[in-house]
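Note sheet for the following structure.
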Amino acid sequence: MKLLNCPINGTRPLSEFIFGGEYRVAPDQDSCSDAQWAAYVHNRNGSPGDKKEWWYHSPSGTWFIAERNTLTDKVSRTYLLSNANLNPALESAQ
Amino acid sequence: MPLRLLKYALSKEHPAPRFFKAHETPKKSYDVVIIGGGGHGLAAAYYLAKDHGITNVAVLEKGYIGGGNTGRNTTIVRSNYLTPEGVNFYDASVKIYEGLSEELDLNLFYSTRGHFTLAHTESAIRTMRWRAEVNKHVGVESRVVGPDEIAKACPQLDLSCSGQAPILGALFHAPGSVARHDGVAWGYARGADRLGAEIFQNTEVLSIDVKNGKVCGVKTNKGYIETKQVLSAVAGFTPRITEMVGLETPIVIHPLQACVTEPMKPWLDSILVSGSLHVYVSQSSRGELVMGSSLDPYEVHSTRSTLDFVEGLTSHMLDMFPFLSNVKVVRQWAGMADMTPDFAPIMGKTPIEGFYLDAGWGTWGFKATPISGKTMAQTIANDSAPDLIHSFRLSRFEDYELTGEKGAASVGH
Ligand SMILES: Cc1cc2nc3c(=O)[nH]c(=O)nc-3n(C[C@H](O)[C@H](O)[C@H](O)COP(=O)(O)OP(=O)(O)OC[C@H]3O[C@@H](n4cnc5c(N)ncnc54)[C@H](O)[C@@H]3O)c2cc1C
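Chains A and P, in that order, give the protein sequences.
Start counting the first sequence at 12; every next residue gets the next number (our numbering).
Start counting the second sequence at 48; every next residue gets the next number (our numbering).
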């Protein structure tokens, strides 16, 4: 059975989780062009590699971030979203 | 016994006949380079030569031909889609398939079985009616049938599905067929080779050279090739190729798994699909039940298969066919499905001059092999896409003109 670590509930079977797609930052909707907005809505970074992704632990209703390699399917870490957590400079301090 | 075979019985020499010439080193330049020796790439090479007289063409395949999704799929061919654009397009493919064994002089075991999409809920029946009406309007034979007709075609089916999800009716699609998948790749390869195209196996495209927005060549593990026209027909590898030319697309890769049972005497004539139970099944000409389910739930670039998949699938198979409980699953595998948000392909020209895309085939592209080969050949020869594939253009996303095939493609193939 594949397992995933929920930052709140600890290690749980993967069947309790729902994949929410890659973590992405929306362009500023007031200043971006129509083409930029359409690209944000539809396009995805589909190539393999290390990605930050949204995952949802459905029994507890917890959304969190997992860093996962989409080629090897190895998860390197999971954490709740906060500015500090997404800042690479702070990563080594954790 | 055909004379072709008899002559080997009489002779002391038994040379293995090759399907296509084993080229080792590509030439310095080609008019067209096709990346990917799956059914789609090989069909495009065949129709470039046959319909347009373009024969200075190289097909580059990083592994062996048909080793991608072409050789991993469950081979269901049908045209009972939801949108008129989809129905017209897939119907054109079914029509080519019907005469393809003859055209390619190779038995593709193309076998028309009739295809039932089972409805277990009122809302499923409503979608079936909608699809049937669109199909009839376009001239494709589909109709909604009741449980009696399903029982007549498949008396072994437990219509109550173990009481879990009683079957209320189905969309019946008479032209639904299965075929021998690797035969399709090999037949097109031989046809293209005979007309002059060159096929290179173990030849991987490492990068694509673009200058001033125009394609000028590709770098491979067997050297540099100059060309002004490149077709990418690599299904589950598409994001890696589009990244080489800096093109963004909506495509994401999810594994799609399948499995087969040990062979049995023929008992299942029809192709059955159940969206609610996430099962589709047909019996191959070898007697195996060929079974598939829905897409894996998250992105992975891998052809690994999982126990979860066979456990889930077989438990639903037993809801439908309790008598199969002693039958063994002998093989399981996966392919990488290149998924689009509207369950329609991405075909045609791109903003890069000379770079053509045939992708987004997800879980549904085997049935489209002939027509996509034909229409992509037309697109390359004329540098303009025919009307039949206009709704599948990459720019539909920027135009917010998505195709909306999801209702007809979620589990059925
Ligand atoms: C389990 C499963 C079941 C399916 N069932 C059905 C079905 O019932 N009906 C249906 O219509 N469709 C089905 N499909 C979908 C169908 O298999 C595909 O859409 C179709 O086969 C795609 O064909 P292709 O020729 O485009 O790609 P492929 O056959 O995948 O060929 C692409 C080729 O490109 C090569 N390649 C990749 N990168 C490079 C590179 N850099 N250089 C050189 N070569 C490269 C690969 O090695 C590969 O051989 C199914 C798919 C799967 C996985």
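C-beta atoms are modelled at their ideal positions from N, C-alpha and C, and glycine is treated no differently.
Skipping 5 residues on each side, what residues in its chain have a beta carbon closer than 8 Å to that of residue i?
{"i": "Val-461/P", "result": "Limits of chain P in this structure are 48 at one end and 460 at the other, which puts residue 461/P out of reach."}
{"i": "Ala-104/A", "result": "Its pLDDT being 39, under 50, Ala-104/A is placed unreliably in this model, and the value from its coordinates should be taken loosely. Cβ neighbours of Ala-104/A beyond the five flanking positions: none."}
{"i": "Ala-432/P", "result": "Met-394, Gly-395, Lys-396, Thr-422, Gln-425, Thr-426 and Arg-440"}
{"i": "Ser-69/A", "result": "Glu-27, Phe-28 and Ile-29"}
{"i": "Val-374/P", "result": "Thr-308, Glu-309, Met-311 and Leu-336"}
{"i": "Ala-428/P", "result": "Leu-95, Asp-98, His-99 and Ile-101"}
{"i": "Gly-31/A", "result": "Glu-64, Trp-65, Trp-66, Tyr-67 and Trp-74"}
From the DSSP secondary-structure annotation, give me the bridge partner or partners of residue i.
{"i": "Tyr-271/P", "result": "Lys-266/P"}
{"i": "Phe-247/P", "result": "Leu-107/P"}
{"i": "Trp-74/A", "result": "Tyr-67/A"}
{"i": "Thr-13/P", "result": "Past the boundaries of the shown model lies residue 13/P; chain P is included only from 48 to 460, so the question cannot be answered."}
{"i": "Ser-419/P", "result": "Ser-419/P pairs with nothing; no bridge assigned."}
{"i": "Phe-219/P", "result": "Phe-163/P and Arg-190/P"}
{"i": "Gln-276/P", "result": "Val-79/P"}
{"i": "Tyr-90/A", "result": "Ile-76/A"}
Starting from the C-beta of residue i, find all residues in its chain whose C-beta is less than 7 Å away, skip the five residues before and the five after it, and write them out in chain order.
{"i": "Arg-160/P", "result": "Gly-223, Ser-224, Val-225, Asp-316, Ser-317, Ile-318 and Ser-329"}
{"i": "Asn-103/P", "result": "Tyr-77 and Asp-78"}
{"i": "Pro-49/P", "result": "none"}
{"i": "Gly-243/P", "result": "Ala-96 and Thr-102"}
{"i": "Ala-37/A", "result": "Tyr-51"}
The alpha helix (DSSP H) that contains residue i, what's its start and end?
{"i": "Ile-143/P", "result": "131-145"}
{"i": "Leu-53/P", "result": "50-57"}
{"i": "Glu-33/A", "result": "Per DSSP, Glu-33/A belongs to no alpha helix (DSSP H); it is in the beta strand (DSSP E), 28-33."}
{"i": "Val-307/P", "result": "Not the alpha helix (DSSP H): Val-307/P falls in the beta strand (DSSP E), residues 299-308."}
{"i": "Asn-116/P", "result": "From DSSP, Asn-116/P is part of no alpha helix (DSSP H); its letter is neither H nor E."}
{"i": "Ile-288/P", "result": "285-291"}
{"i": "Lys-97/P", "result": "86-99"}
{"i": "Arg-178/P", "result": "169-185"}
Taking the beta strand (DSSP E) that residue i belongs to, which residues open and close that run?
{"i": "Lys-62/A", "result": "61-68"}
{"i": "Ala-212/P", "result": "Per DSSP, Ala-212/P belongs to no beta strand (DSSP E) and is neither H nor E."}
{"i": "Glu-60/P", "result": "Run containing Glu-60/P: none; DSSP gives neither H nor E here."}
{"i": "Asp-162/A", "result": "Since the displayed chain A opens at 12 and closes at 105, residue 162/A lies outside it and no answer follows."}
Taking Cβ to Cβ, would you say residue i is nearer than 8 Å to residue j?
{"i": "Val-277/P", "j": "Tyr-403/P", "result": "yes"}
{"i": "Asp-366/P", "j": "Leu-324/P", "result": "yes"}
{"i": "Ile-393/P", "j": "Phe-356/P", "result": "no"}
{"i": "Ala-165/P", "j": "Ala-217/P", "result": "The amino acid occupying residue 165/P in the given sequence is Leu; Ala does not appear at that position. In this structure, Ala-217/P lies closer than 8 Å to Leu-165/P by Cβ."}
{"i": "Pro-297/P", "j": "Pro-388/P", "result": "yes"}
{"i": "Lys-266/P", "j": "Asp-256/P", "result": "yes"}
{"i": "Ala-96/P", "j": "Thr-285/P", "result": "no"}
{"i": "Ser-71/A", "j": "Ile-29/A", "result": "no"}
{"i": "Leu-107/P", "j": "Val-80/P", "result": "yes"}
{"i": "Lys-113/P", "j": "Gly-83/P", "result": "Correcting the residue identity first, residue 113/P is Gly in this sequence and not Lys. Cβ distance not < 8 Å, so Gly-113/P and Gly-83/P don't count as in contact."}
{"i": "Leu-360/P", "j": "Ser-340/P", "result": "yes"}
{"i": "Gly-420/P", "j": "Ala-212/P", "result": "no"}
{"i": "Pro-73/P", "j": "Ile-272/P", "result": "yes"}
{"i": "Gly-60/A", "j": "Thr-81/A", "result": "yes"}
{"i": "Asp-385/P", "j": "Ile-288/P", "result": "no"}
{"i": "Phe-413/P", "j": "Thr-122/P", "result": "yes"}
{"i": "Leu-303/P", "j": "Thr-130/P", "result": "no"}
Going by beta carbon distance, what residues of the same chain come within less than 6 Å of residue i, once the five residues before and after it are set aside?
{"i": "Lys-261/P", "result": "Glu-400 and Gly-401"}
{"i": "Glu-102/A", "result": "Low confidence applies to Glu-102/A: its pLDDT is 44, below 50, so where it sits in the model is not reliable enough to give any reading."}
{"i": "Arg-237/P", "result": "Phe-66 and Phe-67"}
{"i": "His-220/P", "result": "Arg-125, Asn-127, His-162 and Ser-189"}
{"i": "Gln-379/P", "result": "Cys-306, Ser-352 and Val-357"}
{"i": "Tyr-447/P", "result": "none"}
Give, in chain order, every unbroken run of the beta strand (DSSP E) that is at least 3 residues long and sits entirely within the segment 329-406 of chain P. Listed in chain order, they are 336-339, 376-386, 393-396 and 402-406.
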